[in-house]
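Engineer:
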Amino acid sequence: MKTRSALLLGSLSAALVAFALTSPRVAAADKVDPVTDAKAFRNFFFQKFPDVKHEDFVNGPYSMNADMKRQWQEKEEFPPYEFALDAGKEMFATPFKNGKTYADCFPNGGIGIRQDYPYFDEKEGKVVTLELALNRCREANGEVPYSYVKDEMASLTAYMAFTSRGKLMDIKIPDDPRALAAFENGKRYFYTRRGQMNFSCASCHVQSPGERIRAEILAPALGILNAMPIYRSEWSGMGTISRRFVTCNSQTRAVPLEPQSDEYRDVEYFLSYVANGLPIAGPGARP
Amino acid sequence: MTTTTGPVATRRLILQGAACVAVLGLGNLPFAAAPARAAANDKYPEEAFKQKSEADAIKALYGKTAEPSDKVKLDAPEIAENGGVVPVSVTTTLDKVTSISFFVAENPFALAASYKIADGTIPGVANRLKMAKTSNLIAIVEADGKLYSATKEVKVTVGGCGG
Amino acid sequence: MASSIRVRATSNGDITEVQALIQHPMDTGLAKNPAGELIPAHYIQQLKFECNGKDVFVADWGTAVSKDPYVKFSFKGAKKGDDLKISWTDNKGASDTTTAKIA
């Protein structure tokens, strides 16, 4: 018994040392370097899961477990997000009271652009997510903004993601100290432990993807936003990226932030940037 | 009631016992044959859906018992990714199939779904069921007036922080 | 208002494969809403598929069929272009019907 725990401790500290040595934050603590960070982030997952095809990471827990993947593929024959997708398509095409449409607010009429979000707005000096841009579009056209977490917002983003399926995530970080600070802030939020259970986002989604928490398989952080929005069986419905962040916080018994608060926008920026090159797969279905 | 069945008896055995008693008790009444016809006509089998145990539900739906058969292929996950949406399907090589039904033993009401198979319809169906907890899932195929079953345990755990 | 029923019916010449997804809460009557009140049972009881004047497949459902129910089956005797009529009724007396062309 004693030997066993000593062995465990030994391997744990070895792992910690290895992690610290490869951690980009230690290597370049004084300089924000998203390119190196993203490369290290991707390589960590590619090496941890050598059998998972790179583009398969966007399928979350289904990339980690064959039995789950089969259940998912069966569901995908007639996916549960189908109704939201149809609703989103109709909403997208329906003009506002002033006669304008969502298409007027977005490049390329809003079609096939999901991979460019979130982006850094140099005028505002902040990260702008797709959900935020959609509500700003509504407000600019005299409409009431939607709830960020589900229903209409999930339907709209489902449709916009669907028109972008297969396009590779393409998030840009301009040479602007505020953009670099936003990326760094998002990264810090992602790795910081919080809440009663003292979990960081990374505790589950970097250290433990593929492991079970009770009956559920944890998704890898790499590409986790590419499949958003998602129909979660647990929710019996659709949820947006905002909803995912809120539930992640509350499930680890931390205090969730307001949807589209600066920290959530920044963590979305960080997670999307490190997933550059992986395909958009939304809308998705999850347990 | 536990003293007579002994310490190894499971809840299901006890329920089955209760079901037999109930059916025997009804035996003399004039409407006892009615549930047996329910599966054959178009009427919604209201009573069968109200039964708590699968044995009672099978009796109410078909008025007879089923025998296990390897000709009934029941496909369901070992561990449900979510108890609210469990993909379940059945195929069979049996002839003259007239209905296929699904029972979840540990659900509040055991009968989940019952399908009438017409002539010319392939005897097989896929659907998605709710399972309240880890339970045996029973598929029954009615073929040439007889009942054949397949059973599989599906593990269900309450949702947590996956995904 | 879009139909509550989505159908895909495809023929490979001899056999027609049908998949349907229906938008319906399928409330069990056992769950509570956030205010702690019981949500009354509300579920589809019967779903019929009719082709060329004949019921090819009839589903009797209880509350244990998942929300937004899905079903898949196959049948013989139809060809491309035939109409497949799908209809459901629920325990509150609501219903919906749609007709799909077999592709």
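Protein chains in written order, with the numbering used here: chain L, 39 to 325; chain X, 30 to 192; chain D, 45 to 147.
The C-beta atom is built at its ideal place from N, Cα and C for all residues, glycine as well.
1. Does any residue of chain L bring its CB to less than 9 Å from the CB of X:N165?
2. Determine the DSSP secondary structure at L:T230, reduced to helix, strand or coil.
3. Taking the CB atoms as reference points, tell me whether L:E169 and L:T278 lie closer together than 9 Å.
4. By the 10 Å Cβ neighbour count, where 16 or more other Cβ atoms means buried, how is L:N264 classified, buried or exposed?
5. Any idea which residues DSSP pairs D:T54 with across the strands?
6. Give me the Cα-Cα distance between D:N56 and X:D148, rounded to the nearest whole angstrom.
7. Chain L beta carbons: is any one of them nearer than 9 Å to that of X:E107?
8. Mapping the DSSP letters down to three states, classify X:D148 as helix, strand or coil.
9. Looking at chain X, is there any beta carbon in it that lies within less than 9 Å of the beta carbon of L:Q109?
10. Identify, in the order they occur along the chain, each residue of the same chain with its Cβ nearer than 8 Å to the Cβ of L:N314, setting aside the five sequence neighbours on each side.
11. Excluding five sequence neighbours on each side, which residues of the same chain lie with their C-beta closer than 7 Å to the C-beta of L:N163?
12. Does the separation of the CB atoms of D:L128 and D:T141 fall below 9 Å?
13. Secondary structure at D:D140, three-state DSSP: helix, strand or coil?
14. Is X:V25 near X:E107, with beta carbons less than 9 Å apart?
15. So D:V109 is in the beta strand (DSSP E); what residue range does that whole segment cover?
16. Can X:K159 and X:A141 be called in contact, C-beta distance under 9 Å?
17. Assuming the contact rule is C-beta atoms closer than 8 Å, L:A122 and L:M276 should be a hit. Round their C-beta distance to whole Å, please.
18. Along the segment 262-275 of chain L, what residues have a CB closer than 7 Å to any CB found in chain D?
19. Pull up the DSSP beta-bridge partners for L:M276, would you.
20. Determine whether the beta carbon atoms of L:P99 and L:P317 lie at a separation below 9 Å.
21. Determine, for D:Q67, whether the minimum Cβ-Cβ distance to residues of chain X falls below 9 Å.
22. Along the chain, where does the beta strand (DSSP E) that runs through L:V305 open and close?
23. Beta-carbon separation of L:A292 and L:W110 under 9 Å?
24. Can you name the residues of chain D whose CB is closer than 7 Å to the CB of L:P118?
25. Report the rounded CA-to-CA distance for D:M70 versus L:D124, giving the unit in angstroms.
26. Check whether the Cβ atoms of D:A103 and D:L91 sit closer than 9 Å, and answer yes or no.
27. Answer with buried or exposed for X:A109, where buried requires no fewer than 16 other C-beta atoms within 10 angstroms of its C-beta.
28. For the beta strand (DSSP E) containing X:T180, list its first residue and its last residue.
29. Give the DSSP-derived three-state secondary structure of D:T133 in the structure shown.
30. Grouping DSSP H, G and I as helix and E and B as strand, with all else coil, what is L:Y100?
31. Evaluate D:S139 with the Cβ neighbour count: other Cβ atoms within 10 Å of its Cβ, from every protein chain shown; 16 or more gives buried, anything less gives exposed.
32. Which chain X residues are close to L:D105, counting only those with a beta carbon under 9 Å from its beta carbon?
33. Please classify X:F132 as buried or exposed, where buried requires at least 16 other C-beta atoms within 10 Å of its C-beta.
34. Short check: CB of X:K175 to CB of X:E96, under 9 Å?
35. What are the boundary residues of the alpha helix (DSSP H) that includes X:E76?
36. On the criterion of 16 or more Cβ atoms from any shown chain inside 10 Å, does X:K88 qualify as buried, or is it exposed?
Structural biologist: Let me lay it out:
1. It does not; no Cβ of chain L falls within 9 Å.
2. Note: L:T230 maps to coil in three-state DSSP.
3. Yes; because the gap between Cβ atoms is below 9 Å, this pair is in contact.
4. By the Cβ-count criterion, L:N264 is buried, with 16 or more other Cβ atoms from all chains shown falling within 10 Å of its own Cβ.
5. Its beta-bridge partners are D:E61.
6. If you take the alpha carbons of D:N56 and X:D148, they lie about 19 Å apart.
7. Yes - at least one Cβ of chain L is within 9 Å of the one on X:E107.
8. Annotated three-state conformation of X:D148 is coil, per DSSP.
9. Contact of L:Q109 with chain X is assigned, a C-beta pair being separated by under 9 Å.
10. The answer, listed in chain order, is A76, L206, M207, D208 and I209.
11. Checking the displayed sequence, the identity of residue 163 of chain L turns out to be Gly instead of Asn. Around L:G163, the same chain offers R216 as residues with beta carbons nearer than 7 Å, after the five sequence neighbours per side are excluded.
12. Not closer than 9 Å, so no.
13. The answer is strand: DSSP assigns D:D140 an E or B state.
14. Residue 25 of chain X cannot be examined here, being either before or after the span of chain X that is shown, 30 to 192.
15. Where D:V109 is concerned, there is no enclosing beta strand (DSSP E), given that its DSSP letter is neither H nor E.
16. Remark: C-beta atoms of X:K159 and X:A141 approach each other more closely than 9 Å.
17. Between the beta-carbon of L:A122 and that of L:M276 there is about 5 Å, and that keeps the pair under the 8 Å contact cut.
18. Within the segment 262-275 of chain L, the qualifying residues are S274.
19. L:M276 pairs with L:Y269.
20. At the C-beta level, L:P99 and L:P317 stay beyond 9 Å of one another.
21. Taking Cβ atoms only, chain X never reaches closer than 9 Å to D:Q67, which makes this a no.
22. Residue range D300 to V312 is occupied by the alpha helix (DSSP H) that includes L:V305, with no beta strand (DSSP E) assigned at that position.
23. At a Cβ-Cβ threshold of 9 Å, L:A292 and L:W110 do not count as neighbours.
24. D112, listed in chain order.
25. The C-alpha of L:D124 is placed about 20 Å away from the C-alpha of D:M70.
26. Yes; because the gap between Cβ atoms is below 9 Å, this pair is in contact.
27. Residue burial annotation: X:A109 is buried, with at least 16 other C-beta atoms found within 10 angstroms of its C-beta.
28. Its beta strand (DSSP E) spans residues K175 to V183.
29. D:T133 falls in the strand class under three-state DSSP.
30. Of the three classes helix, strand and coil, the one that applies to L:Y100 here is helix, per DSSP.
31. Under the 10 Å beta carbon count, D:S139 is surrounded by fewer than 16 other beta carbons and is classified as exposed.
32. Neighbourhood of L:D105 in chain X, by CB distance below 9 Å: P106, E107, I108 and E110, in chain order.
33. Buried.
34. Pairing X:K175 with X:E96 gives a Cβ-Cβ distance under 9 Å.
35. Here the alpha helix (DSSP H) through X:E76 covers E75 to K79.
36. By the 10 Å Cβ count, X:K88 comes out buried.
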